[in-house]
Amino acid sequence: MWNTMQCIRRLMRIAGSWVSVLEKRILNKRGRTMEQGELHIFKSKKGKWIVELLFKTNGKKKRIPIRGGIVGDDSLNGKEVGFEREKGQVESLICEGKELIPKKKVSVGATNRHNNPGHSGTSKSSVSESAKHIENVKNPAKAPYNFVPLNDMVVESDSPPPFPFDTYHKGRYTGFIDLEIEAKTPVYIRDTMSAKDMERDAKDRDDKDNPDFFSPGGRIRIPGSSIRGMIRTLVEVVSFGKFGSFNDKKLYFRAVADMSSLNDAYKKVMVDEKNNHFPKIRAGLLEKRGPNSYRIYPSAVHEKTQIYRVNFNKNTKIVAGTDKLAIPEFDFKKIYFKAVEPKNHIHFTPRNKKISLKYALLKSISTKKDKHHPDTGYIVSSGGFGKKKHMHWVINNQSEGNSFNIISNDVVENYRDDQNRNKKADLLEKLKEVDGKIPCFYVTNDSGDILSFGHTGMFRLAYEKSIGEHIPQSLKEERKVDIAEAIFGNESKFAGRVFFEDAFLSEGQNNVLMAEAVPMILASPKPTTFQHYLNQPKNDIKKLHHYNSKGDIRGNKFYWHKSGQNWQQKNEKEIRDHHKQYTSIKPVKPETRFKGRIRFDNLSQIELGALLFSLELPEGCLHKIGMGKPLGLGSTKIKPVLYLSNRKERYEKLFFEWNNEIEASRESAGFKSSFEKYVLAGIKEPETLRLWDTPRLAELKTMLDYKKGMLLNTQKNTEYMGLPEFRTRRILPKPTSV
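Count along the sequence shown from 1, then add 3; that gives the number in our numbering.
Rendered as structure tokens:
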């Protein structure tokens, strides 16, 4: 049986290696593989030539504007090109063997690169201290998570993956690592759906319906994929590798009356502060033209504006000048009115400060056209009818001439990815409910391209920069192969050389599942909580870095260990009132034991050391796996036992039997030591220092420390904050400062 499985597995890896060899590549003059993309050349509405480079990175489409001698040469439109980037900017561009943009010569003092083979990146002295996270945070935030800082440089693999994959290589190690896994707190991984579940109508089926622990075929186990994901993340961090997979999208924000610097960024785009906050936004009608094709028809301009306001009664919600017209939240309606010019109106702030705001105020509207209401338009209601809200938005009907603005695919995809948007305010969903166009608001750049759009005049605005632009270029260069990628593989280049089997229940255990219960719902802050997710160099709330700033992300996110108690929602009324938001689960009990195995082929001494280093944590440190980590679920202790294949026979037999491995636990320390020395040399630290004692891994060790987590849990320092605390934009300190 094992011979058959091994043959299949090896043949799959052989196929993977041939795909890599046959993959089409574009090389630079030094023979190195370049990134690949496509040129997009076109004229704007104003007759200006636009040149863009379209390419994929981390599974997401990106575009970079190109400036230079190729502008206007539309014969290159659609051509495949090779390119190199430096700090996000295209430094070299090659098409059909011709250099369109020659590689720039960089002065020695410009980048201060390390000369060590296998190690690259900026040195410590070249990293701006102003971009680092503040050491002493005043009035700090608290959360069940924290971050391990980004590395300043990438330590590349000591040697490329060996080809072909279908044979053993000298100087490489093949074998397996047995894992003994013990749950220290409840652990939960959701089960797959049964055949009966699959037959149910898709509208009624919900993955949350099945509370069982992962147990295909009725056998409780931890899936190998879950163990693999957990260990890969640790290998990336401890080996100072590239930043792992991330969704390179633009986040959205709405900062009305925000106390931080974000308020200024929002107002700068949405209103003209020099003209009494007159709206800079535009209005129009949104239409869907195809599966992923949307356009906006601009509203007409009457009396020098597209946009008006109209009052409604805060108690009855009846719109001014009407008998009984009330507009529900996030709704709109076609109406008639008489256009008026914008004027200054006196308002008072919450602190009773008098301010002047400029806008066009309608005294009345009507659902029927008459001599008092000759103009056609739409009334739009926003959400959250609070005590202070007393106005709706009104826009003109579309202008004559049928002109329109196309919304780019990137803007549409970013809009779809905004997880914080109220579903009732989702314009793309609203278009599915109506036959035709719907009113909307939007902003454009100087060229007239739509940057963001939304349901009301103060809509959620896309940040100028994507998440990926807050990750240093040195930590995401695809042409570099770090230790984690060398071990686990790359979908487009080469296969991995580690294989994680499911971890089954150890023998002699019964009644390992807890009773079915409903876990609490925690309002987890998203990456939009920039005061947590981005480096903050200063305590000043007015100078916080956000996603329009130059600051980097904090790093890799980890969850603190907790007691694993009091995770159940015991308020039955709360569950009944919000039953669609809750789910039931059946975790395994603490002290439940599992046995798993990791098989590996042709790992170098450094690679095997990295794997063991990530499995065998320092005394008192635990791994975390599965769901419910913020609640304290998932803390596990892993004991690895190393087995190596017979070194003589593995060269003589292609399909070597797995049952001839020899326990090599005593050699584990040597592999880990070699790995530590290699990484320490790569990051310019002395060999006498322990890798766990480097400043960056000291933060990781703190996050993995079980007793530290228990202490902070007792002190209630790892709970989510309430809404009032979030409004003050408190900064999350480093793990070692909590």
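Even glycine gets a Cβ: it sits at the ideal position worked out from N, Cα and C.
- Message: Assess contact between the stretch 181 to 191 and the stretch 139 to 150, defined as three or more Cβ pairs (one per stretch) separated by less than 8 Å. Is contact present?
- Response: Contact annotation: the stretch 181 to 191 does not touch the stretch 139 to 150, with fewer than three C-beta pairs closer than 8 Å.
- Go ahead and pull the three-state DSSP assignment for Gly725. In the structure shown, Gly725 sits in coil (DSSP, three-state: anything other than H, G, I, E or B).
- Item | Tyr646 (DSSP reduced to helix, strand or coil) | In this structure, Tyr646 counts as strand in the three-state DSSP scheme.
- Query: To the nearest whole angstrom, what separates the beta carbons of Ser587 and Val521, a pair I think is in contact under 8 Å?
  - Reply: In this structure Ser587 is in contact with Val521, their Cβ atoms being roughly 5 Å apart against a cut-off of 8 Å.
- Query: What did DSSP end up calling Trp396 once you bin it into helix, strand or coil?
  - Reply: Trp396: strand per DSSP, three-state reduction.
- Message: Quick check: the Cα distance between Val84 and Leu56, rounded to an integer number of angstroms?
- Response: Distance between the alpha carbons of Val84 and Leu56: 9 Å.
- Work out the CA separation of Lys64 and Phe335 for me, nearest whole Å. Between the C-alpha atoms of Phe335 and Lys64 there is a straight-line separation of about 34 Å.
- Query: Can you name the start and end residues of the beta strand (DSSP E) that Leu289 belongs to?
  - Reply: Run containing Leu289: Arg285 to Gly293, per the beta strand (DSSP E) assignment.
- Considering only residues of the same chain and omitting the five flanking positions on each side of Met262, which have a CB-CB separation below 8 Å? Cβ within range, chain order: Ile544, Arg730, Thr731 and Arg732.
- Which two residues bound the contiguous beta strand (DSSP E) that contains Lys356? Premise fails: Lys356 is in no beta strand (DSSP E) and is neither H nor E.
- Query: Any chance the stretch 531 to 548 sits against the stretch 680 to 699, with 3 or more Cβ pairs inside 8 Å?
  - Reply: Contact between the stretch 531 to 548 and the stretch 680 to 699 is absent: fewer than 3 CB-CB pairs across the two stretches fall below 8 Å.
- Message: Given a cut-off of 8 Å on the beta-carbon distance, is the pair Met394 and Val313 in contact?
- Response: Yes; because the gap between Cβ atoms is below 8 Å, this pair is in contact.
- Item | Straight-line gap, Met630 to Ile192 (C-alpha atoms, nearest Å) | Here the alpha carbons of Ile192 and Met630 stand approximately 6 Å from one another.
- Message: Does Pro377 pass the burial test, meaning 16 or more other C-beta atoms within 10 Å, or should it be called exposed?
- Response: So Pro377 counts as exposed.
- Item | Member of Ile223, Ser95, Ser264 and His43 whose CA lies at the smallest distance from the CA of Ser552 | Each of Ile223, Ser95, Ser264 and His43 was checked against the Cα of Ser552, and the nearest Cα belongs to Ser264.
- Task: Could you round the C-beta distance between Tyr707 and Ala506 to whole angstroms and report it? I think they count as a contact, below 8 Å.
- Result: The sequence shown places Leu at residue 707, not Tyr. No, Leu707 and Ala506 are not in contact; Cβ-Cβ is about 19 Å, not under 8 Å.
- Message: Check this for me: beta carbons of Leu645 and Ile180, under 8 Å apart or not?
- Response: Contact annotation: Leu645 and Ile180 have beta-carbon atoms nearer than 8 Å.
- Have a look at Ser566 and Ile223 and give me their C-alpha separation to the nearest angstrom. Taking the straight line from one Cα to the other gives about 23 Å.
- Just mark Ile665 as buried or exposed, buried being the case when its beta carbon has 16 or more other beta carbons within 10 Å. Exposed.
- Message: Helix, strand or coil for Val515? Go by DSSP, reduced to three states.
- Response: In this structure, Val515 counts as coil in the three-state DSSP scheme.
- Task: Reducing DSSP to helix, strand and coil, say where Glu622 ends up.
- Result: Annotated three-state conformation of Glu622 is coil, per DSSP.
- C-alpha distance - Gly372 paired with Asp326, whole-angstrom precision: Per the sequence presented here, residue 372 reads as Lys, with Gly not at that position. Taken atom to atom, the span from the alpha-carbon of Lys372 to that of Asp326 is near 16 Å.
- Task: Quick one: residues in its chain with C-beta nearer than 8 Å to the C-beta of Lys640, no 5 flanking neighbours on either side, listed in chain order?
- Result: The residues Ile184, Glu185, Lys187, Leu625 and His626, in chain order, have a CB closer than 8 Å to that of Lys640 in the same chain once the five nearest residues on each side in sequence are set aside.
- Message: Just to confirm my understanding: we take Gln584, look at its own chain, exclude 5 residues before and 5 after, and list those with CB closer than 7 Å. What are they?
- Response: Ile524, listed in sequence order.
- Under three-state DSSP, which class holds Pro163? Reduced to three states, the DSSP call for Pro163 is coil.
- Task: Would you identify the three-state DSSP class for Lys336, choosing helix, strand or coil?
- Result: If DSSP states are grouped into helix, strand and coil, Lys336 belongs with the strands.
- Task: Throw me the rounded Cβ distance for the Thr379 and Tyr339 pair, which I believe falls under 8 Å.
- Result: The C-beta separation of Thr379 from Tyr339 comes to about 6 Å, placing the pair in contact by the 8 Å criterion.
- Message: For Ser617, count the other beta carbons within 10 Å of its own beta carbon; 16 or more makes it buried, fewer makes it exposed. Which is it?
- Response: In summary, Ser617 is buried, with 16 or more beta-carbon neighbours lying within 10 Å of its beta-carbon over all protein chains present.
- In the DSSP assignment, find the beta strand (DSSP E) that holds Lys598 and state where it starts and stops. It spans Arg596 to Leu606 - the beta strand (DSSP E) in which Lys598 sits, taken as one unbroken run.
- Message: Rounding to the nearest angstrom, what Cα-Cα distance links Glu679 and Arg500 in this structure?
- Response: Between the alpha carbons of Glu679 and Arg500 lies a gap of roughly 21 Å.
- Cutoff 6 Å; reference Ser740; Cβ partners in own chain excluding five residues on either side: Contacts found: none.
- Message: Once DSSP output is grouped into helix, strand and coil, what is the label at Pro282?
- Response: It is a strand residue.
- Message: Just to confirm my understanding: we take Arg699, look at its own chain, exclude 5 residues before and 5 after, and list those with CB closer than 7 Å. What are they?
- Response: The beta carbon of Arg699 sits closer than 7 Å to the beta carbons of Val151, Pro152 and Asn154 from its chain, once the five residues preceding and following it are set aside; these are given in chain order.
- Message: What does DSSP give as the partner residue(s) for Glu83 in the beta ladder?
- Response: Within the DSSP bridge table, the entry for Glu83 names Glu41 as partners.
- Count the other CB atoms within 10 Å of the CB of Ala672; is the residue buried (16 or more) or exposed (fewer)? Under a 10 Å Cβ-count criterion, Ala672 is classified as exposed, with fewer than 16 other Cβ atoms of the shown protein chains found around its own Cβ.
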